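Undergrad:
Residue numbers (the working numbering): 62 to 235.
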């Protein structure tokens, strides 16, 4: 299915195969989704490789990055932010704790809750990954220019906010 939308491209975004219109073909949408997944894998690989973790942490890296970026989180909040099943989160937290990268402490306001914090080693490792990601993002942002960065941010923000058709997200609220 193709849904043409007439929108002129910004002159600062060079695209050899663009004709100034946005075509919403299934193949284009699939390619866009594939690019998003590939970019996410690349950023995760940067986080993993720069951390020096052996064996790699794979999915558990998201937990470290969330805590690094936002600060200590309780398990319920962390699960909601990452949108992962309880069992998966528990497995990752156990692995991270066994490696000495996180610690769990009782919440001062609600003793029933456990907050997840980075240990000094977890902070060091996650900081190295953040620096590698930032360097890669800086390079790409400079290469693409402000208009492309603004457009990409808008698209990703809308996807992250769930503005897409809710039926596109099976399994929400696991």
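Ideal Cβ positions, reconstructed from N, Cα and C, are used throughout, including at glycine.
Computed from a predicted model, the values in this text were never measured in an experiment.
1. Can you say whether residue 90 is buried or exposed, counting buried as having 16 or more other CB atoms within 10 angstroms of its CB?
2. Counting Cβ pairs closer than 8 Å, one from the stretch 139 to 154 and one from the stretch 179 to 195, do we hit at least three?
3. Please classify residue 163: is it buried, with 16 or more other beta-carbons within 10 angstroms of its beta-carbon, or exposed?
4. Report the CB separation of residue 104 from residue 125 in whole angstroms; it is logged as a contact under 8 Å.
5. Which same chain residues end up closer than 7 Å to residue 174 when comparing Cβ atoms and leaving out the 5 residues on each side of it in sequence?
6. Once the 5 residues before and after residue 161 are set aside, which same chain residues still bring their CB inside 7 Å of it?
7. If you reduce the DSSP assignment to three classes, tell me which class residue 178 lands in.
8. Going by C-alpha to C-alpha distance, which of 122, 172, 216 sits closest to residue 97?
9. Leaving out five residues before and five after residue 212 in sequence, what residues of the same chain have Cβ atoms less than 6 Å from its Cβ?
10. Mapping DSSP to helix, strand and coil, what is residue 235?
11. Only counting runs of 4 or more residues, tell me where the alpha helix (DSSP H) segments fall wholly within the stretch 100 to 153, in order along the chain.
TA: Quick look at the numbers:
1. Taking the chain shown and counting its residues from 1, the one referred to as residue 90 is at position 29. The residue is exposed, with fewer than 16 neighbouring Cβ atoms inside 10 Å.
2. Between the stretch 139 to 154 and the stretch 179 to 195, the count of Cβ pairs shorter than 8 Å is below three; the stretches do not touch.
3. The sequence position of residue 163 within the chain shown is 102, counting from 1. By the C-beta density criterion, residue 163 is buried, having at least 16 other C-beta atoms within 10 angstroms.
4. Within the chain shown, the letter at position 43 stands for residue 104. Within the chain shown, the letter at position 64 stands for residue 125. Contact between residue 104 and residue 125 is ruled out by a C-beta separation of about 13 Å, above the 8 Å threshold.
5. Translated into the one-based positions of the chain shown, residue 174 becomes position 113. Only residues of its own chain outside the window of five on either side were considered, and among them 135, 168 have a CB closer than 7 Å to the CB of residue 174, listed in chain order.
6. The count along the chain shown starts at 1 and reaches residue 161 at position 100. Beyond the five residues adjoining it in sequence on each side, residue 161 comes within less than 7 Å, by CB distance, of 180, 182 in the same chain, given in chain order.
7. Residue mapping note: residue 178 aligns to position 117 of the chain shown, counting from 1. Under the three-state reduction of DSSP output, residue 178 falls in the strand class.
8. On the chain shown, position 36 is the one that residue 97 refers to. Among 122, 172, 216, the Cα nearest to that of residue 97 is on 216.
9. Here residue 212 refers to the residue found at position 151 when the chain shown is read from its first residue. The same chain holds no residue with a CB closer than 6 Å to that of residue 212 once the five nearest residues on each side in sequence are set aside.
10. In the chain shown, counting from the first residue as 1, residue 235 sits at position 174. In this prediction, residue 235 scores a pLDDT of 41, lower than 50, which makes its location untrustworthy; no coordinate-derived value is stated.
11. Taking only runs of at least 4 residues, the alpha helix (DSSP H) segments lying wholly in the stretch 100 to 153 are 122 to 131, 136 to 143.
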